[in-house]
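A.B. asks: Encoded as structure tokens, here's the structure I'll be asking about.
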Amino acid sequence: MKASQLSKNEYAQYYSNYINKAGEEMLVSGLESSLSSILAFFNTIPENKLEYRYDAGKWTVKDIIQHLIDAERVFAYRALRFARQDKTSLPGFEENTYTDVANANKRSRAELLKEYQLVRESTIMLFKSFNEDALKLVGVASNSNMSVRAIGFVIIGHEKHHCEVITSRYL
1 MKASQLSKNE YAQYYSNYIN KAGEEMLVSG LESSLSSILA FFNTIPENKL
51 EYRYDAGKWT VKDIIQHLID AERVFAYRAL RFARQDKTSL PGFEENTYTD
101 VANANKRSRA ELLKEYQLVR ESTIMLFKSF NEDALKLVGV ASNSNMSVRA
151 IGFVIIGHEK HHCEVITSRY L
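Numbers 1 to 171, taken from UniProt numbering, label the letters of the sequence shown in order.
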């Protein structure tokens, strides 16, 4: 399925931008293709830009990589819980606090990208394990309904969003 085939009741309005950025790729193939494109993108960024902040209080490129890793882990966990028909309402997470304490700027690009790759490979396997019925299941996270399949498209669109920000404000 493609992101454009989702119904509006499968995700909160907040995620519309990410869903739209997922484009017309199929869910699993989109996760797979974005793995290689994201790795290539971050490997082209000059070393002197990895810890650059375009304004006070803004994240560095390394912070953004770590944020993508953390967010994907959170989203994959939500997808697992919903696909297993867990009806527990899941809390949100404070992305700025996560980033502030993650120490991404003390890590190498290679280490961050290896972690990103491993997390994505795990996410791909998780989504491949879901059948069509599981992908349609809906749970509650951050006080909003979200389907398993919408989560996958949010992951794809979320990283595209951050790559666009990096291109326009960091490079």
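Using N, Cα and C, we set each Cβ at its ideal position, and we do this for glycine too.
Could you give the first and the last residue of the continuous beta strand (DSSP E) run that contains residue 71?
C.D. replies: As a first step, residue 71 must be located in the sequence shown, where it is residue number 71. It is not in any beta strand (DSSP E) - residue 71 instead sits in the alpha helix (DSSP H) that spans 61-83.
A.B. asks: Below 9 angstroms between beta carbons: does that hold for residue 136 and residue 120?
C.D. replies: Mapped onto the sequence shown, residue 136 falls at position 136. Mapped onto the sequence shown, residue 120 falls at position 120. Not a contact, by the Cβ cut-off of 9 angstroms.
A.B. asks: In or out: residue 112 buried (at least 16 other Cβ within 10 Å) or exposed?
C.D. replies: Locating residue 112 in the sequence shown gives position 112, counting from the first residue. With 16 or more Cβ atoms within 10 Å of its Cβ, residue 112 is classed as buried.
A.B. asks: Does residue 40 pass the burial test, meaning 16 or more other C-beta atoms within 10 Å, or should it be called exposed?
C.D. replies: Here residue 40 is taken as the residue at index 40 of the sequence shown, counted from 1. Per the 10 Å Cβ criterion, exposed.
A.B. asks: With a 10 Å radius around its C-beta and 16 neighbouring C-beta atoms as the bar for buried, classify residue 164 as buried or exposed.
C.D. replies: Your numbering for residue 164 matches position 164 in the sequence shown. The residue in question, residue 164, is exposed, as its Cβ has fewer than 16 Cβ neighbours within 10 Å.
A.B. asks: Tell me the rounded alpha-carbon separation between residue 50 and residue 63.
C.D. replies: As a working note, residue 50 is residue 50 in the sequence shown. As a working note, residue 63 is residue 63 in the sequence shown. Rounded to the nearest angstrom, the two C-alpha atoms are 9 angstroms apart.
A.B. asks: Between which two residues does the alpha helix (DSSP H) harbouring residue 157 extend?
C.D. replies: Working through the sequence shown from its first residue, we reach residue 157 at position 157. Residue 157 -> alpha helix (DSSP H) spans 148-169.
A.B. asks: Using the three-state DSSP reduction, which class does residue 36 fall into: helix, strand or coil?
C.D. replies: Residue numbering aside, residue 36 sits at position 36 when the sequence shown is read from its first letter. If DSSP states are grouped into helix, strand and coil, residue 36 belongs with the helices.
A.B. asks: What three-state label does DSSP hand residue 58 in the structure shown?
C.D. replies: The residue labelled residue 58 in the question sits at position 58 within the sequence shown. Coil, per DSSP.
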